Amino acid sequence: MFEYLVKRIATLVPTLIFVSMLIFGLQQLLPGDPAKILAGEDQDPAVIAYLRTKLHLDEPLPVRYAYWVGGVLRGDLGESIRSQQPVTELVWQKLPVTLELALLAFAIALVIGIPAGIVSAVGRGTPWDYAANVFALWGLSTPNFWLGILMILLFSVQLGWLPASGYVSPFEDLGANLAAMIMPAFVLGNAIAAVLMRHTRSAMLQVLSADYVRTARAKGLSERTVVLKHALRNALTPIITLGALELGTLLSGAVLTEQVFTIPGFGKLIVDSVFNRDYSVVQGVVLVTASAYILLNLLADMAYFLVNPRLRR
Amino acid sequence: MTRPKPTFLPALLLALAPLLPLAPMAAQAQTLRVGLAEDPDVLDPSLARSFVGRIVFSGLCDKLLDIDDKLNIVPQLATSYEWSADSKALTMKLRPGVTFHDGEKFDAAAVKFNIERHKNLPGSARRGELAPVASVDVVDPATVRLNLSAPFSPLLAQLADRAGMMVSPKAAQVAGDKFGIKPVCSGPFKFTERIAQDRIVLERYPQYWNKDAIHFDKVIYTPIPDATVRLANLRSGQLDFIERVAPSDMEKILAEKKLKTSRITEIGYQGITVNLAKGDKAKTSVLARDPRIREAFELSLDRQGLVQVVMDNEATAGNQWVAPGNAYYAKNVPMPKRDIARAKALLKEAGVPNPSFTLVTPTTSDAQRIALVVQAMTREAGFDVKIQSTEFATSLNMADKGDFEALVLSWSGRADPDGNLFSFHGCKQPLNYTGYCDAETDKLLDQSRSLREPAERKKVFEQIAARVMKERPIVYLYHRNWLWAYNPKLTGIRNIPDGLLRVSGLSMAP
Chain A
1 MFEYLVKRIA
11 TLVPTLIFVS
21 MLIFGLQQLL
31 PGDPAKILAG
41 EDQDPAVIAY
51 LRTKLHLDEP
61 LPVRYAYWVG
71 GVLRGDLGES
81 IRSQQPVTEL
91 VWQKLPVTLE
101 LALLAFAIAL
111 VIGIPAGIVS
121 AVGRGTPWDY
131 AANVFALWGL
141 STPNFWLGIL
151 MILLFSVQLG
161 WLPASGYVSP
171 FEDLGANLAA
181 MIMPAFVLGN
191 AIAAVLMRHT
201 RSAMLQVLSA
211 DYVRTARAKG
221 LSERTVVLKH
231 ALRNALTPII
241 TLGALELGTL
251 LSGAVLTEQV
261 FTIPGFGKLI
271 VDSVFNRDYS
281 VVQGVVLVTA
291 SAYILLNLLA
301 DMAYFLVNPR
311 LRR
Chain B
1001 MTRPKPTFLP
1011 ALLLALAPLL
1021 PLAPMAAQAQ
1031 TLRVGLAEDP
1041 DVLDPSLARS
1051 FVGRIVFSGL
1061 CDKLLDIDDK
1071 LNIVPQLATS
1081 YEWSADSKAL
1091 TMKLRPGVTF
1101 HDGEKFDAAA
1111 VKFNIERHKN
1121 LPGSARRGEL
1131 APVASVDVVD
1141 PATVRLNLSA
1151 PFSPLLAQLA
1161 DRAGMMVSPK
1171 AAQVAGDKFG
1181 IKPVCSGPFK
1191 FTERIAQDRI
1201 VLERYPQYWN
1211 KDAIHFDKVI
1221 YTPIPDATVR
1231 LANLRSGQLD
1241 FIERVAPSDM
1251 EKILAEKKLK
1261 TSRITEIGYQ
1271 GITVNLAKGD
1281 KAKTSVLARD
1291 PRIREAFELS
1301 LDRQGLVQVV
1311 MDNEATAGNQ
1321 WVAPGNAYYA
1331 KNVPMPKRDI
1341 ARAKALLKEA
1351 GVPNPSFTLV
1361 TPTTSDAQRI
1371 ALVVQAMTRE
1381 AGFDVKIQST
1391 EFATSLNMAD
1401 KGDFEALVLS
1411 WSGRADPDGN
1421 LFSFHGCKQP
1431 LNYTGYCDAE
1441 TDKLLDQSRS
1451 LREPAERKKV
1461 FEQIAARVMK
1471 ERPIVYLYHR
1481 NWLWAYNPKL
1491 TGIRNIPDGL
1501 LRVSGLSMAP
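Protein chains in written order, with this note's numbering: chain A, 1 to 313; chain B, 1001 to 1510.
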């Protein structure tokens, strides 16, 4: 176990180095001179020259990379070139917002997707099944931003029930927080719910035709017990794996949703920074995200290791 | 006979009823919520480079001078000004009793500090605007004199914009180049907090010199890039005011009558920049070859049609760097009517009946539509226009290198025509992407800066227009409308052509 861990962590360092180089290199492929964009409409040559020096744009790529990595190692992700705010502060400001959005969306997806899948599998061929399938198709094929705008028009503009945009911290006002988050979380969770529903349905169908379910029925157990205790438990394992994978989708899907609902999260930060060529913010944010993914992966591997005795040999 | 029961309870309810809806509203009316089309950049007047930042500054930082709805220069922190006889010194009387948000006094020494900061702070975007200012003298605490190296009449307009914004010297010295994170100015509102991409919150400054004109306790600026979402937020009551409404939404808003709107002709323009002499592309470009081809190009355009198709009529067609309604519009160079026959004749004369060139356009929807309509219109005269869409950043690079034949480019404009003209048509100026360079025009441009009398300046501008427009380095198309929409209860909106919302005088009816 110890040996395995050491090996895993040893591979972590080169991975992170590779990722940081990739981030840095890819960014250089973006068209346009960042100094020119940041210089704004006036294109004052003095300002452009100043920005170029400040961003080390006049130096060779490896030197620029060294500057950046040097800062990162000292825990300094730099400052936003556009607004002067420290990138570390921006990350800490935005990360909780996106995490909350992703978790709420995931909760909504679970609450809708799994029961819908069960209902549709148990009532296969009935109107319930068709309804659930139509819902799944709709959920998969509706673009996030479009659904978002429609919901704003209905619930904010027409009915006036929910705020159209903005974010309030749950520690400040939980009610206002939920009111602001419910629509974006639904929009984001909707597509995941559809995926979960489809998979739950097929997993349940498979399990429902298994021998032990027939045995359970033969023993005279109630249909409810058969479905929820015997079938669902066995069907759940692949669904959970899939759900965990979908969490990644959630974080990337948040980009568009955050734009539509003007939620100041990670996705919005990245999009706005890319458009403004605010390189230090893009680099910092992507690096944090990548590191988080890598760490989560490590944790997941360790969890498998602990759970599955066969791996321990 | 039954006596009517005592009506105490209903009476009480009736008495209280008007208070119920009023209570939350009264609390709300103290905050003005403004929807912006972008997130501003750094909030330091010396370093700031974005248009949208100027909207926030207008609540935060007072300037020495301001402009009114007719583009006249009006007092703000300077109560009056006087030019020396040789036009090389500008003496200003300063408003007494003004303090910065940190309680520091505003006086001539503060003005000197600010002008020098604008000129010397590394990366300052104001340096060019104040280039002719050689030194600043503190005459007495209430009088300041700017000494110029050469006469420069557009200075007044510069001082009515970011170059005239005054920040607290003490705070600026302490914060250094980090001042923009927590700016300290002397405007009606002081900086409270900023959450990137989310909001900028300003709070009323109780010691403001003109506090009677301020009727809000707080202003919250929220950047919402999508025009549809911005409008939805206004409709749902999340916002009180939004800037840059999509032209295609205006008709509907007007028909519904639930919101108020403002339309103001901008001081900037939308146009097509033609590469005449910059880089290798100019050597092969058919447009650069012969002025008659450029004239034919202009004659094949129907500007009114463009305005209608591209902007849903929310713009004023124009052929110059200022709009036809502007006092400095050169009447000697009127807008030509579309004339396909003449365009064809010119092309034949030039020996190129079917000129072909590439029009580069940024990916914004306005620019794309301009390119498409121009392509269709000029085809009738025999032009073959190819469209190349590039991201804005790339198009800027191409413009800078002269790697284009023609380019759709807009300019947000400056209050003084000099700001729309000098940098674009002066030889070797930073925004001269066309390579147009004419000694006589340069002389006239310098002359226009040395004159103070509007009538005299106008005459010089007319001469410049006659020279530049003959060469057509930029084919000006139209001047957009600033489109604003707001809560009907909001009163006191002033339509100033720079497109910046002034918070002074605004109030919210209960």
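For every residue, glycine included, the Cβ atom is placed at its ideal position computed from N, Cα and C. Keep in mind that this is a model prediction, so the values were computed, not measured.
Looking only at its chain, what residues have a beta carbon closer than 6 Å to the beta carbon of residue i, apart from the 5 residues adjacent to it on each side?
i, result
"B:V1322", "Y1328, Y1329, P1417"
"B:Q1308", "none"
"A:S273", "V281, V282"
"B:L1032", "F1216, V1219, D1240"
"A:R64", "H56"
"B:E1129", "Q1158, A1163"
"B:S1168", "F1100, D1102, E1104, V1184"
"B:K1489", "M1508, A1509"
"B:C1437", "C1427"
"B:F1152", "P1132, R1449"
Where does residue i land, buried or exposed, given buried means 16+ other C-beta within 10 angstroms?
i, result
"B:L1022", "With a pLDDT of 39 at B:L1022, under the threshold of 50, the predicted position of this residue should be treated as unreliable, and no value is reported."
"B:V1139", "exposed"
"B:D1069", "exposed"
"B:Y1486", "buried"
"A:G175", "exposed"
"A:G70", "exposed"
"A:T241", "exposed"
"A:G125", "exposed"
Where does residue i sit, in a helix, a strand or coil, going by DSSP?
i, result
"B:A1026", "Note that B:A1026 has pLDDT 42, beneath the 50 cutoff, so the model's placement of it is unreliable and no number is given."
"B:T1478", "According to the sequence displayed, residue 1478 of chain B carries Tyr and not Thr. Three-state result, B:Y1478: strand."
"B:E1462", "helix"
"B:I1496", "coil"
"B:D1442", "helix"
"A:T237", "helix"
"A:Y212", "helix"
"B:G1305", "helix"
"B:P1021", "Because the pLDDT of B:P1021 is 39, which lies under 50, any placement of that residue in the model is unreliable, and the number read from its coordinates should be weighed accordingly. Residue state, collapsed to three classes: helix."
"B:F1422", "helix"
"B:R1338", "coil"
Leaving aside the five residues before and after residue i along the sequence, list all residues of the same chain whose C-beta is less than 8 Å from its C-beta, in chain order.
i, result
"A:T142", "N190, A191"
"A:I114", "L196, M197, T200, I239"
"B:D1312", "P1247, S1248, M1250, E1251"
"B:M1398", "V1360, T1390, F1404, L1407"
"B:F1106", "L1077, L1094, R1095, V1098, T1099, F1100, M1166, S1186"
"B:I1293", "V1286, L1287, L1346, L1347, A1350, V1352, P1355"
"B:A1142", "K1093, L1094, P1096, D1107, A1108"
"A:P264", "Q93, K94, V97, Y167, E258"
"B:A1027", "Any answer about B:A1027 is weak, because its pLDDT of 44 lies below 50 and its placement is not dependable; what the coordinates show is given next. None."
Interface residues of chain C around residue i at Cβ under 8 Å?
i, result
"A:Y279", "In summary, chain C is missing from the structure at hand, where the protein chains are A and B."
Residues bridged to residue i by DSSP?
i, result
"B:Q1388", "B:V1360"
"B:V991", "Given that chain B is displayed from residue 1001 to residue 1510, the structure contains no residue 991 of chain B and the question cannot be resolved."
"A:F106", "In DSSP, A:F106 forms no bridge with anything."
"B:Q1270", "B:S1410, B:Y1478"
"B:Y1081", "B:M1092"
"B:D1066", "B:V1074"
"B:K1190", "B:E1203"
Where does the unbroken alpha helix (DSSP H) through residue i begin, and where does it stop?
i, result
"A:L26", "2-28"
"A:N133", "127-141"
"B:V1219", "Taken as a continuous stretch (DSSP letters only), B:V1219 belongs to no alpha helix (DSSP H), being part of the beta strand (DSSP E) at 1218-1223."
"B:I1264", "Segment 1260-1265 is the beta strand (DSSP E) holding B:I1264; no alpha helix (DSSP H) there."
"B:F1297", "1291-1299"
For residue i, which residues in the same chain have their Cβ closer than 7 Å to its Cβ, ignoring the five residues on either side in sequence?
i, result
"A:A231", "M204, V207, L208, V213"
"B:G1492", "G1505, L1506, S1507"
"B:T1265", "T1316, A1323, G1325, H1479, N1481, P1497"
What are the start and end residues of the beta strand (DSSP E) that includes residue i?
i, result
"A:R64", "Taken as a continuous stretch (DSSP letters only), A:R64 belongs to no beta strand (DSSP E), being part of the alpha helix (DSSP H) at 61-73."
"A:T262", "Neither: A:T262 is in no beta strand (DSSP E) and is coded neither H nor E."
"B:P1075", "1073-1075"
"B:A996", "Since the displayed chain B opens at 1001 and closes at 1510, residue 996 of chain B lies outside it and no answer follows."
"B:G1511", "Past the edges of chain B, shown from 1001 to 1510, lies residue 1511 of chain B, and the structure says nothing about it."
With a threshold of 7 Å (Cβ to nearest heavy atom), would residue i be considered close to the ligand PLP?
i, result
"B:N1313", "Absence of the ligand PLP is noted for the structure shown, with no ligands found whatsoever."
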